[in-house]
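Right, one structure below, let's go through it.
Protein chains: 4
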Amino acid sequence: MLGIVPAAGAASRLQPLAFSKEMLPVGSTFDERGIERPKAVSEFLAERMIAAGADRICFVISPEKTDIIPYYARHPAAERFCYVVQDQPRGLCDALFRALHVMRDDEDVLIGLPDTVWFPVSGFSLLPEDELAFLLFPVDEPWRFDAVVTTGERVTEIQVKASRPKSNWVWGAFRMPAWTFKRLHALWLEPHRGDEYVGTLVNAYLRRGGQATGLTAGERYFDVGTVEGYRAAIDALRPVAVAHER
Amino acid sequence: MLGIVPAAGAASRLQPLAFSKEMLPVGSTFDERGIERPKAVSEFLAERMIAAGADRICFVISPEKTDIIPYYARHPAAERFCYVVQDQPRGLCDALFRALHVMRDDEDVLIGLPDTVWFPVSGFSLLPEDELAFLLFPVDEPWRFDAVVTTGERVTEIQVKASRPKSNWVWGAFRMPAWTFKRLHALWLEPHRGDEYVGTLVNAYLRRGGQATGLTAGERYFDVGTVEGYRAAIDALRPVAVAHER
Amino acid sequence: MLGIVPAAGAASRLQPLAFSKEMLPVGSTFDERGIERPKAVSEFLAERMIAAGADRICFVISPEKTDIIPYYARHPAAERFCYVVQDQPRGLCDALFRALHVMRDDEDVLIGLPDTVWFPVSGFSLLPEDELAFLLFPVDEPWRFDAVVTTGERVTEIQVKASRPKSNWVWGAFRMPAWTFKRLHALWLEPHRGDEYVGTLVNAYLRRGGQATGLTAGERYFDVGTVEGYRAAIDALRPVAVAHER
Amino acid sequence: MLGIVPAAGAASRLQPLAFSKEMLPVGSTFDERGIERPKAVSEFLAERMIAAGADRICFVISPEKTDIIPYYARHPAAERFCYVVQDQPRGLCDALFRALHVMRDDEDVLIGLPDTVWFPVSGFSLLPEDELAFLLFPVDEPWRFDAVVTTGERVTEIQVKASRPKSNWVWGAFRMPAWTFKRLHALWLEPHRGDEYVGTLVNAYLRRGGQATGLTAGERYFDVGTVEGYRAAIDALRPVAVAHER
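Structure follows, in structure tokens:
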């Protein structure tokens, strides 16, 4: 199982930082000697992918964000990480498809955003296998995200940063089999497409007869890519809160 | 006036970090467009130095910590910063004296620790000019720091990480004229000295007849070099707290 | 087809360098505007892999050698490159097997050393497909390399830095199908193996009944990892020489 | 004595490189164990400054060129180096004046270009002290440089990249006392000045009554900032040539 971590984006809402936004410390962890240490925000996504069975995690980085590499070289699961590069900021879809280099034909793919923290930790495992499935989270400001409109558990539309979305459930992570990933890629390659965002590409996929599941099993979602979200995540991830959560 | 910022130390109590510990975000600031953004812990020291009149701020970095440089190249006071290198971890005194390259004969020198945050902001300006003067802060665990023993405002001894220090006031910053800095350097160069810590060197200086003032004007002191101190600083520097402080 | 480029080794024979030894300029190339520019030594290997049909090239880097990434992000074939990390210097075999993350079941694998330059450019294409095959080069000092002893084109032994090797032909590159790569990996994982060098592992593979071809089609071989080899390569790759070669 | 090394410029004529152009290997040196190793081009300038008595060498770097710092941290004269930053490419004069932070009132300043190699090694020492003095070199293509027109040893004009310069002697290095450096700075700060190049600023200085000496003691000059010059320097600095030179 392959986890794809799109980490090529600039941290326009947090700049300047002296490091990649995916390395922002949020909450803490305990090392093998029992010593508490800061935890980079992207570790939350990586551990959720590993919990769901990802044996390889592919970071898509920009050429400037190589600080991610030595950090994960010291991670307990260091051997699982590999890297591809998005040399220009061509959007999220372009970033994700660069991981095709590492994908195998017969595996499931997990995708999440490395500057978010969400619960439950088991989120990826709750999603059905072998289909395109989104893990949905209730948020207060769905207009800032991709709001996912569903009928039952069936996704009917994704509204990308719509001013008045019909749903306050947004996707925070998703999974699919490799062959669906390739179908989305083929669709994205069609003339006049090259979508920047996942939402519009999935809408086209649905219009072509594709299906997608939306599971409202997400509980809490923090977008650490803004100062407010960063602060909220720090609050939520204090030692007591984390202990309580788990 | 020259500010010296010893930033060559490893972050042994916080590792692994993806960046220099002096870049840890603590609190926030607002950029020229009024947008809130994270603030690197070492900016607190730099702004206290600038508030006291430092026209040049010299960071002493290790060869690995060059991430400090592009960060401060975007600082509003970017032109004031310069850098010298401590190639091996030879202790705090060695680091400080490397800034002699940049020091002028007739100026005052300000020294602080870039992984601490303290109040009041005006601390350096409260210290008397033209003499060796320490800004003292009351702490709960003085055995973790350099406890400064005083008679009136006169320093009689500095107790370096003593198990039962006679004082719970520790130095958080200090200033002195260039000629005192050079006297300390000459003392440090004597055979069998080469002190690692400032405290033992100052004790020798006092025994030789030197004088030092200790001013108990410090109010709050956070050591961000530990997870606990980092967390305490984040709490104390929430927007409300900061607004209240100022 | 996958190219594997083991670039995790320290440049002990060339230190200090301000950059990874794989980035050493050797010879030159002409950019899309016809302007001559220096060429990093590892580009020679990459272009030989691309000439043979590699659609993906996986660099195995150490955590410190991330300067390779922005360089290849500007390469004309930038999209083909991906990266895995060898966090500790555990030898060449360990480095190569880390690329298993990126390998597919049904492809051929090309392997070469990124601090060497060899001719002919078409070397990889000369090797037979679907078997373990070494491209051999005649050198003056075979004791510094892996000398390959053959009977006809059949490899009988690889002599690793032997003081008096039976052959002055050394391997400079090799290819094999994915399933052979996995067999070698399985062999390497056996208790008490974990070979550092390719030669001893291949010898064990041969003793188990495996077969390997050695093709004496290599013409010139430069080891840029030494000052002498670096200088020889610079001489050999002057514009006239290159023009002549092609 | 202060050496100023303007190393903030982009390597537009050599890009892409995986490192700062000042780190290009040219020629070689022998380390303390007698082992030959590549030599970064900027070391030639640094050793000429040290030979003339510079106790401090200030590199002016751009925020991206921090690879210079760990390299010089391993230099035999590592303690002499310090750094200031030019955050934007504002030209050579702006870069040089940033070193005012490090300059003392009563010293001489040596200035050279870190992507050039010139002989004799003793060049800086040949220049008269306590005055503005240029070390001139005969070149074949003076229109690519600052051609220095002299009457006797008195500089009458500097022709900046003039198509048909009156002289084929160009400056390769210069020295002056601190007070002249400050006069040039004051002149540069005048409204409507802010010269990009040294030549126009010196011309204005001469028109105001300032004096400058031009010494035709330079013998050979290599501009390593172009592929041709880089190649010529490599040829000229082969071990035999170097031995012969010294």
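Chains as they are written, first to last, in my numbering: chain A, 1 to 246; chain B, 247 to 492; chain C, 493 to 738; chain D, 739 to 984. From the three backbone atoms N, C-alpha and C, an ideal C-beta is built for every residue, glycine too. Model, not experiment: these values are computed from the prediction.
Exercise. Rounded to a whole number of angstroms, what is the C-alpha to C-alpha distance between P309(B) and N414(B)?
Worked result: Using only the alpha carbons, I get a separation of about 35 Å.
Exercise. What residues are listed by DSSP as bridge partners for L628(C)?
Worked result: Assignment of beta-bridge partners to L628(C) by DSSP yields W663(C).
Exercise. Using 7 Å as the limit for Cβ to Cβ distance, is I807(D) near chain B?
Worked result: At least one C-beta of chain B is nearer than 7 Å to the C-beta of I807(D).
For this session: Enumerate, from N- to C-terminal direction, the unbroken alpha helix (DSSP H) stretches of 4 or more residues contained entirely within the stretch 40 to 118 of chain A.
Result: With a minimum length of 4 residues, the continuous alpha helix (DSSP H) runs that stay inside the stretch 40 to 118 of chain A are 41 to 51, 68 to 73 and 92 to 97.
Exercise. Using the C-alpha atoms, what's the distance from D586(C) back to P876(D)?
Worked result: Each residue's CA atom was taken as its position, placing P876(D) and D586(C) some 55 Å apart.
For this session: Excluding the 5 residues preceding and the 5 following G495(C) in the sequence, name in chain order all residues of the same chain whose CB lies nearer than 6 Å to its CB.
Result: The residues M541, A546, I549 and L602, in chain order, have a CB closer than 6 Å to that of G495(C) in the same chain once the five nearest residues on each side in sequence are set aside.
For this session: Whole angstroms is fine: what's the gap from V242(A)'s alpha carbon to L184(A)'s?
Result: Low confidence applies here, because V242(A) scores a pLDDT of 45, under 50, leaving its location unreliable; read the following figure in that light. Between V242(A) and L184(A), the C-alpha separation is close to 37 Å.
Exercise. How would you list, in chain order, the residues of chain B whose beta-carbon sits under 7 Å from the beta-carbon of P801(D)?
Worked result: Result: I315, P316 and A319.
Exercise. Whole-angstrom Cβ separation of D598(C) and A670(C), contact assumed at under 8 Å?
Worked result: Between A670(C) and D598(C) the Cβ distance is about 7 Å, and since that is below 8 Å, they are a contact.
Problem set entry | Coil, strand or helix - D715(C) by DSSP | DSSP, reduced to helix, strand and coil, places D715(C) within a strand of the structure shown.
Exercise. Using CA coordinates, which residue listed in L92(A), T156(A) and K161(A) is at the minimum distance from G209(A)?
Worked result: Ranked by how close their Cα comes to the Cα of G209(A), the residues L92(A), T156(A) and K161(A) have T156(A) in first place.
Problem set entry | Where D277(B) sits in the DSSP three-state scheme | Coil at D277(B), not helix or strand.
For this session: Flag T66(A) as yes if its beta-carbon sits less than 7 Å from any beta-carbon of chain C, otherwise no.
Result: Among the CB atoms of chain C, one or more fall inside 7 Å of the CB of T66(A).
For this session: Can you grab the Cα-Cα spacing for the pair A133(A) / R13(A), in whole Å?
Result: Distance between the alpha carbons of A133(A) and R13(A) is about 29 Å.
For this session: Step through the CB atoms of chain A and report whether any lies within less than 7 Å of the CB of Y689(C).
Result: No, no contact with chain A.
For this session: Can you tell me the Cβ-Cβ gap for L237(A) and V148(A), rounded? I've got them flagged as a contact below 8 Å.
Result: Separation of the CB atoms of L237(A) and V148(A) is rounded to 25 Å, and the pair is thereby denied contact status at 8 Å.
Exercise. In its own chain, which residues sit with a C-beta less than 6 Å from the C-beta of H736(C), not counting the 5 before and 5 after it?
Worked result: Confidence is the limiting factor: at H736(C) the pLDDT is only 44, short of 50, which leaves the residue's position unreliable, though a coordinate-based value still follows. Shown here for H736(C): not one same chain residue has a beta carbon closer than 6 Å to its own, the five before and five after excluded.
For this session: Establish whether the CB of D825(D) and some CB of chain B are separated by less than 7 Å.
Result: D825(D) counts as touching chain B.
Problem set entry | Contact between the stretch 79 to 89 of chain A and the stretch 27 to 41 of chain A (3+ Cβ pairs under 8 Å) | With fewer than three CB-CB distances shorter than 8 Å, the stretch 79 to 89 of chain A does not count as touching the stretch 27 to 41 of chain A.
Exercise. Tell me which same chain residues have a C-beta within less than 7 Å of the C-beta of M595(C), skipping the five on either side of it?
Worked result: Cβ neighbours of M595(C) beyond the five flanking positions: L494, V601, A670 and F673.
Exercise. In the stretch 20 to 49 of chain A, which residues sit with their C-beta less than 9 Å from some C-beta in chain B, listed in chain order?
Worked result: The stretch 20 to 49 of chain A vs chain B, Cβ under 9 Å: S20, E22, M23, L24, P25, S28, D31, I35, E36, R37, P38 and A40.
For this session: Please confirm whether any heavy atom of the ligand MG lies closer than 6 Å to the CB of E645(C).
Result: No copy of the ligand MG occurs in the structure displayed, which carries no ligand at all.
Problem set entry | Sequence-distant residues of the same chain with beta carbon closer than 8 Å to H321(B), five excluded per side | Residues E289, A292 and F327 of the same chain have their beta carbon placed closer than 8 Å to that of H321(B), with the five preceding and five following residues left out of the count.
Problem set entry | N- and C-terminal bounds of the alpha helix (DSSP H) containing G199(A) | Where G199(A) is concerned, the enclosing alpha helix (DSSP H) stretches over V198 to R207.
Exercise. Looking at the C-beta of P754(D), does it have a partner C-beta in chain C at a distance below 7 Å?
Worked result: By this cut-off, P754(D) is an interface position.
For this session: Please report the Cβ distance between G747(D) and P827(D), rounded to the nearest whole angstrom; I am assuming they are in contact, meaning their Cβ atoms lie under 8 Å.
Result: The pair is a contact, with the Cβ atoms about 7 Å apart (cut-off 8 Å).
Problem set entry | Reduced DSSP secondary structure (H/G/I, E/B, other) of G152(A) | Of the three classes helix, strand and coil, the one that applies to G152(A) here is coil, per DSSP.
Exercise. V965(D) CB to nearest chain C CB: under 7 Å?
Worked result: Yes, contact with chain C.
Exercise. By Cβ distance, which residues of its chain are closer than 8 Å to W389(B), with the 5 residues on each side in sequence left out?
Worked result: Excluding residues within five positions, the ones whose Cβ falls inside 8 Å are K407, A408, S409, R410 and P411.
Exercise. When DSSP labels each residue in this structure, what does G948(D) get in the three-state scheme?
Worked result: For G948(D), the secondary structure class from DSSP, reduced to helix, strand or coil, is coil.
Exercise. From what residue to what residue does the beta strand (DSSP E) around A772(C) run?
Worked result: This structure gives no information on residue 772(C), because the portion of chain C shown stretches from 493 to 738.
Problem set entry | Close-in-space but distant-in-sequence residues of the same chain around L509(C) (CB under 7 Å, 5 per side omitted) | Excluding five sequence positions before and after L509(C), the CB atoms of its chain that fall closer than 7 Å to its own CB belong to A503, given in chain order.
For this session: Starting from A178(A), follow the alpha helix (DSSP H) in both directions and report where the run begins and ends.
Result: Residues A178 to L189.
Exercise. DSSP on E720(C), reduced to helix/strand/coil?
Worked result: Reduced to three states, the DSSP call for E720(C) is helix.
Exercise. Of all the CB atoms in chain B, is at least one closer than 7 Å to the CB of C831(D)?
Worked result: No - not a single Cβ of chain B is within 7 Å of the one on C831(D).
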